[in-house]
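Everything on this sheet refers to the single structure shown next.
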Amino acid sequence: MSSVVYTHLSGLSTNVVPVEIPSQEQHEGRDELEGFVEHAEYATTIHAHDAGTVLLRVLDGGHMLELMALESGMRAARFSFASRIALQPALMMLGIAELHVLVVTVDGSIFRLRFVLPHLWTSTQYAPKEYRITSIASPIEGIVHIPEVGVVFIGLNDGGVLRLTARMHGLEYTGDWSEESLHGPPNYFPSFSSLMPSFYSGPTVSNPAKIIALASIPPPLADSGHARATSLVVTLSRDRHLRAWLTGNGKFVASKQIPSQFFQTDALIARSSSPGKTPALEGHIIDSDYRPIIRVLPPVLDEDNFSPDMDAGTEVVIFMPTPSTETAGFFLLYRLSAQDRASSRRDLNFVGRKSCSAQTEGWELRDFLVADETLYLLWNAQGRTVIQTSTYDLDEAETEQEPWNTLSADGEKELSPDSFEESAQEGDTLASSILAAILRPGAFSPYTLHIAIKQYEQSLIDVAPYILNTPYPTLAERIAAVVGSSVSLTTDPRTGAQMWDRYWSALRRDWEGFVARCQAVERAGRWPLGLSRARDGSVVVLARERMGTVVILDEPMSVHALAGANTSSGTSLFGVAWSLRANIPTSELRLLEDSLRSVSGDGRIAYSHDSVLRDVAQRHLDGLVPEGPAAFVRSGLGMLDDLEDAVSQALDVVGRLEHVVKLEDPDGGMGLAVGHDGEFKKALTTAYIAQSIEARYDLCLSVLLLLLFIALDNPDTLKSSIPAARACVTFHALGLLRSLVKQSAGDLAGVSGGYGDVEDDVLARFEAMGFASPAPGAIGVGRSGPQYSLVHSLLPRASLSASVLQSAHAFIRETGVLADVAQLDAEPGTLGLVERLRSLGYLDFSRELVMKLPPTPGVCYVHARLLMDLGRPDEAAVLFEKVANNFGPTTHLTQTDRLALESVLPPPLNLESACTYYRHVAELFNDACCLTQAIPFWRQAIDDAPPDLDARGMWSKVFRAYVDLGMWEDAYVVLVSTPYADLHRENVRQLVIAMCEANYTDKLAHLGFVGHHIEVERTLSFKARHADPFAWPDYAKVLYAWHVFRGDFRSAGAAMYERARRLGEEAVVEEEFVQVANVQARCYLAAINSLELVDPSHSWVLLSVSADDDLGRKRRKLTVHIPETKFNPDCKDFEVVQLSDMRQEHALVSARIELLGHYPELSHHNLSSPQDIVSLYVRANSFDQAFST
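Its first residue numbered 1, the sequence shown is counted upward by one per residue in full-length UniProt numbering.
See below:
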């Protein structure tokens, strides 16, 4: 059984700046577009060898051509034409190295765009060439068909065709074309029959010979099994004439008029119900609102009987619409005969006829295709897309032909109020539940949502302007802010009460109106356009704004589509279950589903599964099923030989994954091991996964409902039943997967922006100008495609070939969720999926899933990691500590819990070492800057460390953590407790500097640093010498306080004296000199006071100086009895400073301050020497100050 899975094209490409195609003709302004810019009027695909599948679409009312490489990942390209494109443009391969796009416009121009593989339009080699058609006047109204890369056919009104052939220069097309009008042999029947009125009613329409259909043999697929015949072009005119032409030279091949009896057969059927003439045939002229369709099929190569006549056996399949009859039309098959040796003529021989099915009445056939001996029909069924198939058996008698089969449309469901309630979570508001429903992956395309909200905004009147003018970062936020903004809460004028009921009703109507807009745009975007073939031969369905492919349904999807058909012993149970489900009201069914979802298989309830089912049945199912349907269900159950075996077989069907190919993820990242050819394949796989999971979920729910009925009807039947437990676990696992496939990945590129408003897209403009051309050897320009689904983001990107079905089953298996069902447990596969989601950043949804799992050690570990990522370290620490009890030489974990925990631990960790686990958790907290939580785990790791382990790193990190937190006493305790002496020096330095910078110098002195005071003095002395004397903290003051606290006044005086000397050496501006000099004077005074407390014989300090220090000051050197030549040149000299010297320097600084106060016009540079100071005092008659200085 087959179905079609679709993906929205606006979800595959981001905004692209179109390239303007210049034209020789001047064009008037365009008419206003009635439809939507992004909805295509025509679409086709081609397999472009190394570039993969290329999609061509005609957008913007026929003025824009879009090219998209579905498998290579390069950015799409768009080309804008001044004139409307005459359908149908063509994609053609020239050899295996070039892709040509031929476009004919309505005003009579032919454009050729040439692209070189594999870079295609990312290179700058697509310069268009234009040719003006002169044989026919514009606008061109005839059908355009392009059978080959250098040939164009245009249908004429007189039954002929205009053939245009491109001229070549060597192997290159020059851009010039030759034009030739072709006409077949004259038709004498109308003129002869017009002389006999009884046989001729006369045409009732103009241009009775107008060409209404053109077709040629399509390019063969690599595995088609057909020979490449000489290219033929077949035309159909309104007077029912089929004509065949050779493409190469335009030679007429054959002609045949379709007999009117074919139409009259259907007309007789129509006249029986409504008398009158069928509109499909007016006066022997095909005149219908629905167009006929022609397809030309190549002859099948017979290897045993080879014939040089390659055209013989070419088949022409014609669909003739008959909209007024009981069917939409019928198919005719003609076969080209072999060439007559005498006359060199051929004939189109009638082979067979096949009518469409009766259900197609009033439908429009959009396209049909023959693939692998199967005839595929694409119908527009009054707004719905329907695919029908049948065996290609037109050459058989109609009574022996196979019936038509309609492909399943199980995944095609529109939103309804029930959908809003299904998506609603506990505590959700009306707006949030509806928003979640419309943002569900696959519900609406990004373009649909953009157009709907744009239309909604244009309809608003009484809305604050800021709501509409505010730029919103995502499309979801824009919808949430705008929709419902016009609804206001009113007050009852009589009672003054707020009218909440009226408000909620109006709000719901407003949201439902927006959903109706979305559905209208989406319905227009689903309008079918045509069928095509993919590289692997599968059938591709093209629509205005989406694209799909025909896929084979897996067994659960097939059973679900047939609504429980009895296809096997395993599926016969589904018929009984489905009949029970059909008799349960929708509202009650939702209550049952919610109850089962809350209690099934998550391990949080300490009761057996049969008792849980019995309790749910008594509370929700008792008295719900009428007696008649209940008796039918009991009868169906009685027909089953073994109930438990039937339930087991049904669950086998639900969880079956028979189509699995093991593929490797080349990135080695967090994606699952499934290969994909590109974003299109990924999107199709995502849609298939969603449909498969939904079908499995519905089937499992039906089985559980049947088990509830059995538990209520005969409680002892399910007692200690393993299939019942398995059903609960399966339902729980499928519920998790169902939540996953319904989860949106958020607004990413291409979703939040507007479509068509790309003036500010700088990257797109650079790519359009060719600046983003790939480097030599590169395959296109990479882009990260929009990910509108969480499953889409989990799928990896690879170049491996696998079908959509295989990729989907591989994904479901690799998630590991269904693998847990065999163990009747919710781990470890589910836990691995949650961990992958967490690592990808989907934190809220990961926590939603983890809350549904039992609190095993593995779940607690993942939950703790989630809490850390969510910024809740205190709660995470509690869970990490709980998990730590399972590490060590002895553990009491079950095998399942052990495997689950090991599956989520980083590779170096194992359950044997508790120390390694504590270190791992501490590192996690440390990386998250949660030092308070990291310290206990570091300490625990140190306590549990083996004796031979070097724990220097752990001790250092504990110490640094305490220092960073400002816990000085704890840091000091760690300092003195560290068993590694080589760490003490560095730790002391860090602690001293940190305490000084935190202004905890008083605590620094009180800590004492027993055994480490020398290192403290070295650290403070070094910082005092090299730090900026004007910066904070002032290390010289700290060092002075440290020495004073310890009673070392001589060292305290030396520290303050050295600071005073440094201040005197600093270059300062004139305005700051007095302020700095005051500080310097205080430093001298502190040094003097300190040395006053020392014994006079020791009241001096020793300073090391260099040769160029203190050039303006008298040197006070030590008495040296060793010749200077014996000293090392790098050895520093020393200076002895007595207490009297300090007093003299203090007096000089004080004098400078005093004189600058009396003589403000002087500069401090004029007071640089003692002589200048004494001279000024003498001039001022201050002889006492002069003598004291």
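The beta carbon of each residue, even a glycine, is placed where N, CA and C say it ideally should be.
Supposed contact pair residue j and residue i - C-beta distance, whole angstroms, cut 8 angstroms
i       : j       : result
Thr-389 : Leu-407 : 7 angstroms
Ser-206 : Val-233 : Contact doesn't hold; Cβ gap of about 25 angstroms is too wide.
Ser-692 : Ala-808 : 6 angstroms
Ser-486 : Leu-460 : 6 angstroms
Phe-111 : Pro-128 : 5 angstroms
Val-883 : Leu-866 : Not really, about 13 angstroms apart at Cβ, beyond 8 angstroms.
Ala-724 : Leu-613 : 6 angstroms
Phe-79  : Val-19  : 5 angstroms
Rounded C-alpha distance that separates residue i from residue j
i        : j        : result
Val-976  : Cys-1083 : 35 angstroms
Ile-552  : Ala-86   : 36 angstroms
Glu-588  : His-620  : 8 angstroms
Arg-952  : Val-958  : 10 angstroms
His-892  : Thr-686  : 41 angstroms
Phe-514  : Ala-802  : 40 angstroms
Tyr-42   : Gly-52   : 20 angstroms
Leu-236  : Leu-242  : 5 angstroms
Leu-394  : Arg-353  : 6 angstroms
Val-58   : Ala-900  : 52 angstroms
Cys-915  : Asp-943  : 8 angstroms
Cys-728  : Met-557  : 20 angstroms
Ser-1097 : Leu-1039 : 23 angstroms
Arg-440  : Glu-644  : 37 angstroms
Val-741  : Pro-259  : 54 angstroms
Gln-401  : Thr-391  : 8 angstroms
Leu-651  : His-732  : 13 angstroms
Leu-1063 : Ala-864  : 56 angstroms
Gly-250  : Arg-163  : 7 angstroms
Pro-889  : His-119  : 59 angstroms
Ala-524  : Val-541  : 16 angstroms
Val-1079 : Ala-1060 : 8 angstroms
Asn-885  : Gly-858  : 12 angstroms
Glu-141  : Glu-25   : 18 angstroms
Residue burial classification, residue i (beta-carbon count within 10 angstroms, cutoff 16)
i        : result
Leu-33   : exposed
Tyr-980  : exposed
Ser-635  : exposed
Val-817  : buried
Lys-466  : Before going on, a small fix: residue 466 reads as Tyr here, not Lys. Under this definition Tyr-466 is an exposed residue.
Asp-462  : exposed
His-1146 : buried
Gln-933  : buried
Pro-323  : buried
Ile-722  : exposed
Asn-987  : buried
Gly-95   : exposed
DSSP beta-bridge partners of residue i
i        : result
Val-904  : Answer is none; Val-904 lacks a bridge partner.
Ala-371  : Thr-374
Ser-216  : Val-233
Arg-989  : Partner(s): none; Arg-989 has no beta bridge.
Gly-1011 : According to DSSP, Gly-1011 bridges with nothing at all.
Glu-20   : Ser-80
Ser-379  : Before going further, note that residue 379 is Trp rather than Ser in the sequence given. Per DSSP, Leu-365, Val-386.
Asn-405  : Thr-389
DSSP-derived helix/strand/coil call for residue i
i        : result
Gln-498  : strand
Ser-355  : strand
Trp-1032 : coil
Tyr-972  : helix
His-241  : strand
Arg-898  : helix
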